[in-house]
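Here the protein sequences come in this chain order: A and B.
Those letters in the first sequence? Residues 0 to 322, per numbering that gives the first Met the number 0, in order.
Those letters in the second sequence? Residues 0 to 311, per numbering that gives the first Met the number 0, in order.
Note that beta-carbon positions come from the ideal geometry of N, C-alpha and C, so glycine has one too.
One structure is given below, encoded as C-alpha cells.
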Amino acid sequence: MSAIQSPSQAGVVTPGRPAAAPPGTEIARSSSRYGDRIVRLLLRAAAWLSIVITVGIVVSLLVPAVAFFREVPVLDFLTGTRWAPQFAEASFGVLPLVTATAWTTLIALAVAVPFGLGAAIFLAEYAHARTRRILKPVLELLAGIPTVVFGFFALSFVAPVVLNGWLDLGVGTFSILAAGLVMGVMIIPTVASLSEDAMSAVPQALRQGSAALGANRMQTSLRVVFPAAISGIVAAIVLGISRAIGETMIVAIAAGARAQIVSDPTMEGATMTGFIARMALGDSRVGSLQYDTLFAVGLLLFVLTMIVNLISIQLVRRFRQEY
Amino acid sequence: MSTHDDTQVPTRNPATPPTAAQTQEATMAQATTSNPISTRPAQSAHRDLSDTPASVLECEDVDVYYGQFRAVREVSLAFGHNEITALIGPSGCGKSTILRSLNRMNDLVEGARVKGSIRYWGQDMYADAVDPIEVRRRIGMVFQKPNPFPKSIYDNIAYGPRVTGMKVASMDDHVEQALTRAALWDEVKDKLKQSAYGLSGGQQQRLCIARTIAVEPDVILMDEPCSALDPIATARIESLMVDLRDLYTIVIVTHNMQQAARVADRTAFFTAGVDEETGDRTGVLVEFDRTSKIFENPADQRTEDYITGRFG
C-alpha cells in the first residue's frame with residue numbers, strides 16, 4: 000500500500016498563465032434582456048391580482064356583515080331557529096338555512112361520491128384505452144351543463160316522476176331531496192374526472208408490482224392505486240363539497256323558499272344560497288338590515304367552505320402516500 | 000374471497016423456512032407430468048450441473064406479438080429447477096419480452112399475445128383454464144427500477160400474503176423471515192413502520208425481492224434488477240441471488256455480461272434479427288448452454304462476437 004502523497008509531492012501539473020479569450024468565447028452580458036423582465040413582471044401581476052381580488056371580496060363581504068352583527072348578536076344569528084328577516088317581527092336565526100344546506104350537500108355527496116369514484120376506478124383501472132378516450136370527454140361534457148337545466152330537471156322530472164311516481168314518496172313540488180339528488184348528479188363528473196386524473200397519474204410500475212405478487216385488478220385498484228392517489232381523490236371530493244355548498248340555481252328552483260328547520264329531506268327548505276338568490280332580487284333597500292343579512296349569510300358560506308378546505312388539507316397530509 | 004383453492008396451498012409455518020419445496024410438492028401433485036424434484040444441498044456459484052435439469056418452465060417455439068409486430072420468434076428454452084438462468088443479449092433482442100411472458104405479465108399490455116407453448120411444471124401456462132393470478136402468485140417478478148408501494152416497509156411485505164389470502168400464523172414473523180432472506184432485516188428492523196421510500200435504491204430493490212419472497216413463489220423472474228443500482232448494491236443483490244437459488248428457481252435478464260458470468264448456472268444469448276423486407280427487428284434465441292460454455296467456448300460466432308465486445 001503506497002503512502003498518501005500530498006499534492007505538492009505528487010506530480011501535479013500546474014496551469015500556465017491565463018490565456019486571452021479567443022474570439023467567440025466572450026461571456027459578458029450583451030443585452031439587458033428586457034423581454035424576460037417584462038414577462039416576469041406580467042406573471043407576477045397575474046399572481047398578485049388573484050390574491051388582491053380575493054381580499055377585495057372578503058372585505059366587501061365583511062363590511063356589511065359587521066354592520067349586520069351590530070344589530071343582531073352573532074350567537075343569536077348562529078343558534079336561532081327562526082329565519083324571518085322580512086317579517087314585521089323580524090328574526091335572524093340562520094339554522095333553518097344551514098340545515099337545508101347540510102341536507103342538500105349530504106344527499107348530493109351520497110350520490111356523487113360512490114358514482115364518481117366508481118366511474119373513476121372503472122376509467123382508470125378497467126376500461127380499455129379506446130373506451131376511456133370516448134368516455135372521459137363525454138363525462139367532462141356533462142360537467143358543462145348549465146345548472147339551471149339541472150334545476151328544471153329536478154323540478155319537472157325528478158320530483159314528480161321519480162320521487163312521486165316511481166318511489167311514491169309523496170314529496171311536494173319543491174323538495175330538498177329532489178334538489179340534493181340532482182345536485183349529486185351534477186357533481187359526479189367533477190369527482191369522477193379529477194379522481195381519474197389522480198389515479199391515472201399513479202405509476203404503472205406500482206400496478207405491475209402488485210400484479211406480479213398475485214393481486215387481482217380490484218385489489219390493485221383499491222389497495223395500491225387508490226391509496227397512492229388519495230390526495231387527488233380527497234381534493235376532488237372537497238371540490239365536490241364546495242360546489243354542493245355553493246350551488247345556487249338548482250336549490251333556488253327545486254328546493255323551495257320556505258325557511259324552516261329541515262328534519263326530513265322530503266320537506267321543502269331554503270338553503271343559504273337559495274335565500275341569497277331570492278333576497279338579492281332587489282326588494283330590499285341598500286344599507287337596510289334586510290340587505291345586510293345577504294352579506295352575513297354570504298360570509299357564513301365563505302367560512303364554511305374554508306373550514307371544509309382546511310379539514311381536507313389536514314386529511315390529505317395525514318393519509319398521503321407519495322410515489 | 001381468495002382466488003385459489005385452499006387445499007392446494009400448503010400451510011405456512013414460520014418455524015420451517017424452506018416452504019418453497021412444499022409449494023413445489025403441492026404443484027407437483029397437480030401437475031400432469033412428474034418431474035423429479037432434486038433436493039440439492041447448498042452450493043457455491045460454480046457447481047456441477049446435470050445435462051438434463053428438472054425444468055420448472057419450458058418454452059417451446061414461442062413467438063410473442065405486440066399487435067401485428069412479432070417481437071420474438073421460435074424461442075425454445077427450459078429453465079432448470081433451483082438454477083439461475085440468465086438471458087443476455089443486445090437491446091431489442093426480446094429477452095425482457097420472453098421474461099414477461101413467463102408469468103403472463105404481458106397480459107397487462109394491450110395487444111400482446113403469445114404463440115407456441117410455455118409450460119410450468121408441464122402445464123400449459125396459456126391454456127384457457129389457467130388463472131393468470133395463480134400463475135403470478137407462483138412466479139414472482141422483480142423489476143428493473145425498484146417499485147416499492149408507497150406504504151410502510153412492513154406493509155410492502157405484508158401486501159402479497161394479504162391479497163393472496165395466504166394463511167400465515169404470525170404476519171410479524173412472516174415479514175421478518177422474508178426480510179431476513181432478502182438480507183435486509185438488520186438494516187430495517189427498527190423502522191418497519193416507516194415509508195419504504197426512505198430506503199436507498201439498493202435497499203428498495205432488496206425490499207422488492209423480499210416482497211416477492213413473502214408470497215413464497217416457486218420461480219422469481221428478475222428484469223435487469225441491478226441496472227439502476229451502484230456496484231456495491233449490485234454485489235449485494237448478486238450474492239443474494241446465489242443464496243436464494245437453493246430455494247427458488249431464478250431467471251434473470253441482464254445487460255451486464257459479467258453479472259451473468261458471476262451468478263448464472265445457464266445462459267441464453269438472444270440477438271435481434273432484422274427482416275430484409277420490412278426492416279422489423281425480431282428477437283431470436285442464438286444459443287443456450289451452461290454459462291461456462293457460453294463464455295468460454297461458445298458454439299455460435301454471434302455469441303462469441305457479443306461476449307468479446309465486438310457488437311451490442
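Check                                                                                                                                                                          : Outcome
Could you check what DSSP says for B/G139 in three-state terms: helix, strand or coil?                                                                                         : strand
Distance, Cα to Cα, A/P21 vs A/L42?                                                                                                                                            : 39 Å
From the DSSP output, in three-state form, read off A/F173 for me.                                                                                                             : coil
Pairing CB atoms from the region 78-98 of chain A with CB atoms from the region 256-276 of chain A, are three or more of them under 8 Å?                                       : yes
Tell whether a beta-carbon distance below 8 Å holds between B/T270 and B/G88.                                                                                                  : yes
State the Cα-Cα distance for the pair B/P297 and A/A200, rounded to the nearest angstrom.                                                                                      : 46 Å
Note down the Cα distance separating B/V187 from B/T211, rounded to an integer number of angstroms.                                                                            : 17 Å
Suppose contacts are defined by Cβ-Cβ distances below 8 Å. Is A/I187 in contact with A/A118 by that definition?                                                                : yes
Residues of chain B with a CB under 9 Å from the CB of A/Q313: which are they?                                                                                                 : Here the premise fails: no neighbours, minimum Cβ distance about 19 Å.
To be precise: take each residue of the region 162-189 of chain B, compare its Cβ to all Cβ atoms of chain A, and keep it if any distance is under 8 Å. Which residues remain? : V162, T163
Scan the region 172-200 of chain B and note each continuous beta strand (DSSP E) run of 3 residues or more that stays entirely inside, going in chain order.                   : none
Please state the DSSP three-state secondary structure of B/E303.                                                                                                               : helix
With DSSP run on the structure shown, which of helix, strand or coil describes A/A291?                                                                                         : Residue identity check: residue 291 of chain A is Asp in the sequence provided, not Ala. Helix at A/D291.
Give a yes or no on whether the C-beta atoms belonging to B/E82 and B/D245 are separated by under 8 Å.                                                                         : no
Which term fits B/D127, buried or exposed, when burial requires 16 or more other beta carbons within 10 angstroms of its beta carbon?                                          : exposed
Starting from the beta carbon of B/Q201, find every residue of chain A whose beta carbon is closer than 7 Å, and list them in chain order.                                     : Before going further, note that residue 201 of chain B is Gly rather than Gln in the sequence given. Simply none; closest approach about 17 Å.
Run the CB neighbour count on B/K150, radius 10 Å, all protein chains shown included, and call it buried at 16 or more, exposed below.                                         : buried
Would the beta-carbon of B/A195 fall within 8 Å of that of B/V174?                                                                                                             : no
Note down, in chain order, all residues in the region 185-216 of chain A with a beta-carbon under 8 Å from any beta-carbon belonging to chain B.                               : P202, A204, L205, R206, Q207, G208, S209, A210, A211, L212, G213, A214, N215
Check the C-beta distance from A/V328 over to A/V93 and give it rounded, since I have them as a contact under 8 Å.                                                             : With chain A covering only 0 through 322, there is no way to say anything about residue 328 of chain A.
Which first and last residues belong to the alpha helix (DSSP H) in which B/M221 is found?                                                                                     : Careful: B/M221 lies outside any alpha helix (DSSP H), inside the beta strand (DSSP E) at 218-222.
Does A/A128 come within less than 8 Å of chain B when only Cβ atoms are used?                                                                                                  : yes
Tell me the DSSP secondary structure of A/A253 in three-state form.                                                                                                            : helix
What is the DSSP secondary structure of B/F148, counted as helix, strand or coil?                                                                                              : coil
Under a CB-based cut-off of 8 Å, is B/I132 close to chain A?                                                                                                                   : yes
Would you give the residue range spanned by the beta strand (DSSP E) that B/I83 belongs to?                                                                                    : 83-87
Within its chain, find whatever has a CB closer than 6 Å to the CB of B/Q29; leave out the 5 residues flanking it on each side and keep chain order.                           : Summary for B/Q29: the model assigns pLDDT 40, below 50, so the residue's position carries little reliability, and this model does not support an answer.
Work out the CA separation of B/T163 and A/A276 for me, nearest whole Å.                                                                                                       : 55 Å
Taking only the alpha-carbon atoms, compute the straight-line gap between A/I244 and A/L205 and give it to the nearest angstrom.                                               : 36 Å
Quick check on B/Y64: does DSSP put it in helix, strand or coil?                                                                                                               : strand
Within a Cβ cutoff of 6 Å, which residues of the same chain sit near B/R118, ignoring the five residues on either side of it in sequence?                                      : E57
What residues in the region 218-239 of chain A bring their beta carbon closer than 9 Å to a beta carbon of chain B?                                                            : Q218, T219, R222, V223, P226, A227
How is B/K94 classed by DSSP in three states: helix, strand or coil?                                                                                                           : helix
Kindly indicate if chain A contains any beta-carbon less than 8 Å away from that of B/E73.                                                                                     : no
Using a C-beta cutoff of 8 Å, does B/L246 count as contacting chain A?                                                                                                         : no
What does B/M221 reach in chain A if we use C-beta pairs closer than 7 Å?                                                                                                      : Result: empty, since nearest Cβ-Cβ is about 11 Å, beyond 7 Å.
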